[in-house]
Amino acid sequence: MLMQWLWVGLLAWGVLSTGMTAARDLPQFTELVKQNSPAVVNISTKQSISPKQMLPEELQSPETEELFDELMKRFFERDGGGGHPFDFDSNSRGSGFIYSQEGYIVTNHHVVADADEITIKLTDGRELPAQWVGSDERTDIAVLKVAAAGLPVLKMGKSELLEVGEWVLAIGSPFGFDHSATAGIVSAKGRSLPDENYVPFIQTDVAINPGNSGGPLFNLDGQVVGINSQIYSRSGGFMGVSFAIPIDIALGVIEQLKSTGKVSRGWIGVYVQEISADLAQSFNMSKAEGALVSQVIMSGPAARVLNQGDVILSFAGKPVANAGALPPIVGNIAVGESVAVDILREGKRETVTLTVSEQPTDDKAKSAISVTPQPLPMAGTLGLQVTDAESSVVVEAVIGEPARSTGIVAGDILLPNWMAKPLPLVLISKVLLQHWKRGKRSQCWYNVRVRHVF
1 MLMQWLWVGL LAWGVLSTGM TAARDLPQFT ELVKQNSPAV VNISTKQSIS PKQMLPEELQ
61 SPETEELFDE LMKRFFERDG GGGHPFDFDS NSRGSGFIYS QEGYIVTNHH VVADADEITI
121 KLTDGRELPA QWVGSDERTD IAVLKVAAAG LPVLKMGKSE LLEVGEWVLA IGSPFGFDHS
181 ATAGIVSAKG RSLPDENYVP FIQTDVAINP GNSGGPLFNL DGQVVGINSQ IYSRSGGFMG
241 VSFAIPIDIA LGVIEQLKST GKVSRGWIGV YVQEISADLA QSFNMSKAEG ALVSQVIMSG
301 PAARVLNQGD VILSFAGKPV ANAGALPPIV GNIAVGESVA VDILREGKRE TVTLTVSEQP
361 TDDKAKSAIS VTPQPLPMAG TLGLQVTDAE SSVVVEAVIG EPARSTGIVA GDILLPNWMA
421 KPLPLVLISK VLLQHWKRGK RSQCWYNVRV RHVF
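Every letter in the sequence shown is one number past the one before it in UniProt numbering, and letter 259, counting from 1, is 259.
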């Protein structure tokens with residue numbers, strides 16, 4: 001009997017000690033928060049908004065705005081002399097952190113965009129007016145500056161060293177609750193989000209809510225490894241998925257904004273598309289990897305180096321896992337630098353050299369692509385309406401079969417993959433029709449949904 005109780009006691013002690021060990025293994029964030037909270041700031045902005053700015057985008061025009069303005073004046077029986085009598089202030093809040101003792105503050109572009117006044121609140125209660133230094137909408141990073149001495153500064157880490165499953169901590173002002181700390185783990189790295197081509201986001205399960213944007217994401221060493229930027233939510237609040245800008249990407253942007261107030265970004269002048277399993281098979285690739293060049297801007301730096309249909313496998317020595325991985329790599333290459341590019345061209349691996357240029361404005365990039373409307377031969381038979389766009393065919397509308405059943409949608413680009421040079425529109429129509437009838441669509445052509453030009 002005594003032995004039985006002895007064994008029960010030993011077992012209980014083992015379970016208890018295991019629990020105590022597990023508890024000790026959990027991270028302690030107390031000191032990390034104490035040391036770094038003073039360098040995290042609350043950002044409040046004020047913007048003057050007129051009622052006409054609330055018009056839906058599709059209704060915004062000089063004529064409708066003037067009419068709306070006049071209706072508002074008559075409704076309230078006031079005149080419009082001096083500024084608009086119905087302007088009102090819109091207030092918003094976000095987070096940021098002190099980057100240097102010179103008073104530079106880092107936050108998100110969307111936190112301070114279009115603000116007329118920006119105020120920084122420190123942990124000691126001081127509220128300081130902030131000067132706009134510069135911002136970059138593509139990476140959602142902004143730099144501000146305040147006039148103050150003896151400011152605490154955060155230490156920068158390396159986001160490339162982060163591992164999936166690693167603990168991370170965020171400090172910010174969700175819903176205006178200053179210096180709130182939340183923790184979680186890294187869920188994934190290198191996430192590509194729609195319309196965010198230049199940021200391979202860090203995905204975490206750290207609770208991020210409105211007001212956290214622009215705040216720092218720390219590793220357990222108290223180093224900044226990311227800037228909290230976005231959440232994925234159907235409710236507007238946290239749902240377990242949040243995204244941070246890697247600090248490795250942010251640092252280059254921050255330094256450029258400090259120096260010049262703008263960002264100079266590498267550009268090669270191509271559109272790229274994901275390699276699907278079907279495309280990988282048609283290219284005789286063992287797996288789906290790389291970025292498919294779906295279109296080359298004729299005036300761009302890649303015009304004499306890359307061809308439509310090339311698959312970029314690595315750029316400047318960095319492997320390209322997918323189309324989303326390429327823009328950040330190119331964007332961080334210094335303008336004027338020549339780099340090696342590994343490609344798959346007509347089934348053969350090659351290495352070419354490409355000199356990176358400075359990315360033009362969006363308007364200049366768009367003007368480099370010529371789109372000329374053309375009648376589609378056999379449009380009724382194919383079920384497509386297209387335009388001829390600089391050596392490729394752009395789908396304007398899907399009007400019937402057989403195109404409708406193939407999954408083609410408006411905006412897709414049709415390219416032949418059996419030869420390096422695209423066929424004339426009339427020949428593409430004939431070949432598509434022949435192969436569709438034979439059920440060999442995937443072997444003769446592919447349709448692509450292009451990403452932004454870069």
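Here a beta-carbon is modelled for each residue, glycine too, at the ideal position from N, C-alpha and C.
What you are looking at is a predicted structure, and each value in this text was computed from that prediction instead of being measured.
* Bridge partners - Gln273, DSSP secondary structure assignment -> Leu292
* Does DSSP put Pro360 in a helix, in a strand, or in coil? -> coil
* Would you kindly check if the distance between the Cβ of Val356 and the Cβ of Gly266 is under 8 Å? => yes
* **DSSP three-state assignment for Ala207, whether helix, strand or coil** => coil
* To do: Could you check what DSSP says for Lys158 in three-state terms: helix, strand or coil?
  => coil
* Asked: Would the beta-carbon of Gln230 be found less than 7 Å away from any heavy atom of the ligand MN?
  -> No copy of the ligand MN appears in this structure; indeed no ligand is present at all.
* Asked: Is it true that the stretch 245-254 meets the stretch 267-282, where meeting means three or more beta-carbon pairs spaced less than 8 Å apart?
  -> no
* To do: Within its chain, find whatever has a CB closer than 7 Å to the CB of Gly226; leave out the 5 residues flanking it on each side and keep chain order.
  => Ser159, Ile202, Leu217, Ala244, Ile245, Pro246, Ile247
* Within-8 Å CB hit, Leu251 to chain D -> No chain D is part of this structure, which consists of one protein chain only.
* From Thr21 to Ile120, what does the alpha carbon distance come to, in whole angstroms? -> Note that Thr21 has pLDDT 48, beneath the 50 cutoff, so the model's placement of it is unreliable and the number below is only indicative. Whole-angstrom Cα-Cα distance: 42 Å.
* **Selected residue, minimal CA-CA separation from Asp342, among Asn332, Gly211, Ala321, Ser229** => Ala321
* From this set, Val339, Leu344, Arg345, which residue's C-alpha is nearest Leu354's C-alpha? -> Val339
* Enclosing beta strand (DSSP E) for residue 466 [first to last residue] -> Lying before the first or after the last residue shown, residue 466 is absent from the chain, which here runs from 1 to 454.
* Sort out for me which residues DSSP pairs Gly94 with in a bridge. => Ile43
* What separation, rounded to the nearest whole angstrom, lies between the Cα atoms of Thr107 and Val253? -> 12 Å
* Asked: Counting Cβ pairs, one atom from each stretch, are 3 or more of them under 8 Å apart for the stretch 177-189 and the stretch 149-167?
  -> yes
* Who are Asn228's beta bridge partners in DSSP? -> Ala244
* What three-state label does DSSP hand Lys348 in the structure shown? -> strand
* Asked: Measuring CB to CB, does Ile43 end up less than 8 Å from Gly214?
  -> yes
* With Thr119 as the anchor, note down where its beta strand (DSSP E) starts and where it stops. => 117-121
* To do: May I have the straight-line CA-CA distance separating Leu128 from Val206, to the nearest angstrom?
  => 29 Å
* Touch check for the stretch 280-296 and the stretch 306-317: three-plus C-beta pairs under 8 Å? -> yes
* Whole angstroms is fine: what's the gap from Lys287's alpha carbon to Glu346's? => 16 Å
* **Where Ala22 falls: helix, strand or coil (DSSP)** => Any reading at Ala22 is ruled out, since the residue's pLDDT is 47, under 50, leaving its predicted position unreliable.
* Asked: Taking the Cβ atom as the reference point for each residue, do Ser135 and Val112 lie within a distance shorter than 8 Å?
  -> yes
* Go through its chain and collect everything with a Cβ distance to Gly172's Cβ below 6 Å, but skip five positions before and after it. => Ser95, Asn212, Gly215
* Asked: Applying the criterion that 16 or more other CB atoms from any shown protein chain within 10 Å of the CB defines a buried residue, is Val259 buried or exposed?
  -> Sequence check: residue 259 is Ser here, not Val. Exposed, because fewer than 16 other Cβ atoms sit within 10 Å of the Cβ of Ser259.
* Give me the Cβ distance between Pro38 and Pro152, rounded to the nearest whole Å; I'm assuming they're in contact under 8 Å. => 4 Å
* Taking Lys34 as part of the alpha helix (DSSP H), name the residues at either end of that continuous run. => 30-36
* Asked: Quick one: is Gly380 buried, meaning 16 or more other Cβ sit within 10 Å of its Cβ, or exposed?
  -> With a pLDDT of 48 at Gly380, under the threshold of 50, the modelled position of this residue cannot be trusted, and the question is left open.
* **Endpoints, beta strand (DSSP E) assigned at Val168** => 167-172
* Report the three-state DSSP secondary structure of Phe201 (helix, strand or coil). => strand
* To do: Under 8 Å Cβ to Cβ from Thr351, same chain only, skipping five residues before and after it: list those, please.
  => Ala340, Val341, Asp342, Ile343
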